[in-house]
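Below: the structure, in structure tokens.
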């Protein structure tokens, strides 16, 4: 299959890698897309899996299926362990090598704990489907344990939910947990009332949604407080353990802590033997290639690049998509013997986040939208961006159902036996 | 909450336990339903989760939600470790006790390996949602590994799928795997053609669907063979290991083996300190109570009882449902000071099984149905028996989609890191 055609290897089937593969359609290249997962994940809705609104299969698709009609594209389910930069080959876990002429690394990021990796076991983050079902299990088990708990202090800790980081994920999770407790679980318990649940959103900075216009941050803060979320701003977290969290000098006893604060790039810099930035990202040239290696592109959350206006490309799905498309464009231009170095220009389409069931904020830069209209735009945009018709119908049905009945259809506590037996203590394993 | 009302404790939220709780509506009793899962599972469609047609949340509902409007009913997510028969209390894992006046044990069954428990790691069975996602992962990973395998013998083993036991589960799984390989995965691989996949159904007895009329068994056998399933009858399995299976003296190298042969009742007999039958079931009186303990009922797959016509009550969902309802009826009769011993009469509604995408067999006793009409009746009946409207719509949408496009929407390989790293060898953990 390799033949003499230009071989493009793409590592990562997220927004960046998939956009690159799609933009290379009809180019005279052979493509190999490698991912250690069999599915592409629509991360913007992952928090809805974590809060039992959507099921895993509604926001994930087999990468192989997406590329099925592209006979020049091969999908490999495999884990990459390194890159032989001199020999131009990607090295897989079993030692086998996948040679390339051009390489696109789009391996994304994981959550980072700012040097406190030991916090992860107490405060899981949200990046994969397993992360989402782990958080869903923690949330639902907390209510179950509270129902059986007779000590009022312990019960209070079980009914307290802390989110660390007030970016879009933290804000959206906070609203969704309030809905879950107040609407979905209402009337289903006998010893507790789920609306006793406290949701605390802790942010080290001075604003929620710091990347949005000040006006939208203010609106969101008010909307969250109206929903009943306790928002703590300028409160740095200094300790997390099995029993609670310390922030701004105060200790809060709490059973469920969710991390939505920081990310760390995947180990692409290590594979390439280059010096990463503080967040583990690879510093790339203006055309997204690695200095000294014009055949290697790094896109999305794995790369760091500053636009001519002095702003960094944000770590959002659209940044990765545009990066992937750009890499494809450069490869096509080179094959056509056009310009060798086309600089990447990121166009920021906008930022958006929902707050609970009926409000959202959208920052298009030139104008802003907030409230219920923004919520509808948010919902329609997300359905539009899902990958296939079946999933659009399924998500629309799930949302319509939640909207009308308040009932969430994915309230499942699933996992291996170890966790089942010790619901509270052993929830650290993914 | 206990007050002076009659306290009924139900262990198990499957078909039997839930039917009992529902039949006790408006009786003057307090109910506690205990399950170690938070969800009721619609087991007849579990094989569709295992073969990527349905997602887990489409066939499972929180028990707590089902009983939300029954203020006299309390749902506990807890693991039962024993019964204090003399003290009339159920003992939970944390040592706490739940006292009862009447007890209904409806704890179901697990798959059994006829004294070869070591086979379980190589040939998982299908009883829980985790079993289903484990089998789904095994099936999908086998195709992925075959795509990367260069040794023809190993590739052949990876593309061979063995089902042991030709009851409804084995027959339905066999047809679904053929569909998965031939239709769903078609054209998505580059090194293999998924329709090279061999599906082998091994049965120790002389017929497939041995509980059905001979005519329907014959039809099913022919329909399976027309689909391309290799059916091996009268072939006892004598060995299963990581590399294959030995049956009828022959060894077959195969990577994926699924167990659909035998079940073993849950440990209720041990809890009660009574002698179980060979399959681990509790022998009960004509009214489903334990000899010497008229206050303890055992229903469904956990009990064994022979009807006056000499036939045993089959281990099917409807048997458990009728048993649960009967226990509720006896409890209500006693509270009303009516008859003390009402014998259980099982009414067999019928047996049904699908074979692939467009055929099914239904045995109503008095008449039989087979072919595409049976398939439609099967589909409509299953949607009807699902628990809520949202799930009926979601399952109908999923089936319609598969019917029209051949595409299955739940093709996800998910699980902890250990399994991801060694896809073939480490798939035994649930």
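Protein chains in written order, with the numbering used here: chain A, 5 to 434; chain P, 5 to 434. All C-beta atoms in this analysis are idealised placements derived from N, C-alpha and C, irrespective of residue type, glycine included.
Using DSSP bridges, identify the partner residues of residue 372(A).
367(A)
Output yes if chain P places a C-beta closer than 7 Å to the C-beta of residue 103(A); else output no.
no
So, is the C-beta of residue 358(P) closer than 7 Å to a C-beta in chain A?
no
Among residues of its own chain, excluding the 5 on either side of residue 118(P), which ones have a beta-carbon nearer than 7 Å to its beta-carbon?
266
Taking 7 Å as the CB-CB limit, is residue 323(A) close to chain P?
no
Is it the case that the Cβ atoms of residue 351(A) and residue 183(A) are separated by a distance below 7 Å?
no
Beta-carbon gap between residue 108(A) and residue 331(A) smaller than 7 Å:
yes
N- and C-terminal bounds of the alpha helix (DSSP H) containing residue 26(P):
19-27
Assigned exposure category for residue 191(P) - 16 Cβ within 10 Å defines buried:
exposed
Roughly how many angstroms separate the alpha carbons of residue 39(P) and residue 86(P), rounded to a whole number?
13 Å
Have a look at 42(P), 79(P), 112(P), 211(P) and flag the residue whose alpha-carbon is nearest the alpha-carbon of residue 441(A).
Residue 441(A) cannot be examined here, being either before or after the span of chain A that is shown, 5 to 434.
Exposure of residue 424(A), with buried meaning 16 or more beta-carbon neighbours within 10 Å
With a pLDDT of only 35 at residue 424(A), under 50, the local geometry of the prediction cannot be trusted, and the value read off the model is given with reservation. By the neighbour-count rule (16 or more Cβ atoms within 10 Å), residue 424(A) is buried.
Short Cβ contact (7 Å threshold) for residue 259(A) with residue 189(A):
no
Would you kindly work out how many angstroms separate the C-alpha atoms of residue 88(P) and residue 100(P), rounded to a whole number?
12 Å
In the segment 60-72 of chain A, which residues sit with their C-beta less than 7 Å from some C-beta in chain P, listed in chain order?
60, 61, 64, 66, 68, 69, 72
Report the option in 13(P), 60(P), 19(P), 25(P) whose CA atom is closest to the CA atom of residue 413(P).
60(P)
Report the three-state DSSP secondary structure of residue 61(P) (helix, strand or coil).
helix
Outcome for residue 198(A) when other beta-carbon atoms lying within 10 angstroms are tallied against a minimum of 16
buried
Applying a beta-carbon distance threshold of less than 8 Å, which residues of chain P neighbour residue 256(A)?
Ordered by position in chain P, no residue passes the 8 Å Cβ test against residue 256(A), which lies about 25 Å from the chain.
Cβ shell of residue 104(P) (< 6 Å), same chain only, five flanking positions each side left out:
11, 13, 92
Straight-line gap, residue 160(A) to residue 247(A) (C-alpha atoms, nearest Å)
12 Å
Cα-Cα separation between residue 9(A) and residue 31(A), rounded to whole angstroms
10 Å
Write down the C-beta distance between residue 50(A) and residue 63(A) rounded to the nearest angstrom, noting that I regard them as a contact closer than 8 Å.
7 Å
Do you know how far the Cα of residue 176(A) is from the Cα of residue 54(P)?
32 Å
Buried versus exposed, by CB contacts within 10 Å (16 or more), residue 415(P):
buried
Using the DSSP secondary-structure output, state which residues sit across from residue 106(A) in a beta bridge.
12(A)
Roughly how many angstroms separate the alpha carbons of residue 240(P) and residue 116(P), rounded to a whole number?
15 Å
Just verifying my parser: in three-state terms, what is the DSSP assignment at residue 301(P)?
strand
Kindly indicate which residue of 254(P), 16(P), 33(P) has the alpha-carbon position closest to the one of residue 242(P).
254(P)
Whole-Å CB distance - residue 321(A) paired with residue 48(A), under 8 Å assumed
6 Å
Less than 8 Å between the CB atoms is what I'm expecting for residue 340(A) and residue 20(A), so what's the real figure, rounded?
The Cβ separation is near 23 Å, so there is no contact.
Got a sec, what are the start and stop residues for the beta strand (DSSP E) residue 114(A) sits in?
113-116
Does the beta carbon of residue 416(P) come closer than 7 Å to any beta carbon on chain A?
yes
Measuring only between beta-carbons, confirm whether residue 115(P) sits less than 7 Å from chain A.
no
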